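Okay, so here's the structure we're looking at.
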Amino acid sequence: MKVLKVLSKLKLSKAAETVTTSIYFIEGTTRGLDRGYDATAYSASVVDFAVLTNLLEDNTGLDIAIQSLPYEDFNDVIVPLGIKAKAGVELSISIDELSTLPLNINVYLIDALDNTLTLLNDAPFVFTPNVDMKSVGRFNLHYSAKTLSLEDLEYIDHIRIYTTKNPKNVVVQGQLNGPSILQLYDIQGRMVMSKSLSPNVNQKSRYIHCQLWHLCG
Numbered sequence: 492m493k494v495l496k497v498l499s500k501l502k503l504s505k506a507a508e509t510v511t512t513s514i515y516f517i518e519g520t521t522r523g524l525d526r527g528y529d530a531t532a533y534s535a536s537v538v539d540f541a542v543l544t545n546l547l548e549d550n551t552g553l554d555i556a557i558q559s560l561p562y563e564d565f566n567d568v569i570v571p572l573g574i575k576a577k578a579g580v581e582l583s584i585s586i587d588e589l590s591t592l593p594l595n596i597n598v599y600l601i602d603a604l605d606n607t608l609t610l611l612n613d614a615p616f617v618f619t620p621n622v623d624m625k626s627v628g629r630f631n632l633h634y635s636a637k638t639l640s641l642e643d644l645e646y647i648d649h650i651r652i653y654t655t656k657n658p659k660n661v662v663v664q665g666q667l668n669g670p671s672i673l674q675l676y677d678i679q680g681r682m683v684m685s686k687s688l689s690p691n692v693n694q695k696s697r698y699i700h701c702q703l704w705h706l707c708g
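Pasting the structure below:
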């Protein structure tokens, strides 16, 4: 029996160098980690030029080079897109010619920093970061069978919160539009932590790449 499968391959380019990441939509896979289908990015050495994604469910911050999602997800799903690149270098994000998505599926790049929506089917997204980029936080990919507009961005949640076991952390990742407060409660409803969050986490960036708070205990 033939398994339904299509590929969305994205490429990140600078000058004559290009790197890619693959998102497969495969019948029978999930939004979490599918062993044998999903592949993490190579991490044995420091990489300063890469494009990657994060899992949609059970996200622990793993850099994913190849991700598999349920087949029908290409009709409406948002995938966190991460970039590693140096500041001051012009970059281009585009759809690779090996992609096999149906022609009626739109691939939008959401820039949470500048609050823009770019249809990659029509043209690449070209930009020059003014700070070093290290991972997920600024960009998301929105696959949709519908035509989207900037007004649709108001209903998209760019903030992701998850925990890691070792070290024991709470991770808040994404774009904050203004000063916010993170509050953590235990299972009995008691607040055990309150932390003020600023959109200016480091002095050179207006968006959060990855910010950690240690849990007690």
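Using our numbering, you'd call the opening residue of the sequence shown number 492 and step up by one each time.
Where a beta carbon is used, it is the ideal one built from N, C-alpha and C, also for glycine.
Since this is a predicted model, take the numbers as computed values, not measurements.
Ranking Asn595, Asp623, Ser640 by CA distance to the CA of Asn606 puts Ser640 first. Counting only runs of 3+ residues, the beta strand (DSSP E) found wholly inside the region 535-571 occupies 541-544, 555-561, in chain order. Counting along the chain, the unbroken beta strand (DSSP E) around Ile514 starts and ends at 508-517. Residue range 597-602 is occupied by the beta strand (DSSP E) that includes Asn597. Nearest to Phe618 by alpha-carbon distance, out of His633, Ser635, Leu600, Asn612, is Leu600. Contact check for Ser559 and Asp525: beta-carbon distance about 5 Å, within the 8 Å limit, so the pair qualifies. Short of 6 Å from the beta carbon of Glu548, and not among the five residues preceding or following it, lie these beta carbons of its own chain, in chain order: Arg522, Gly523. In terms of Cβ geometry, Val542 and Thr591 do not form a close pair [threshold 8 Å].
Taking the Cα positions, Ile555 is about 27 Å away from Leu673.
At the C-beta level, Asn595 and Thr638 stay beyond 8 Å of one another.
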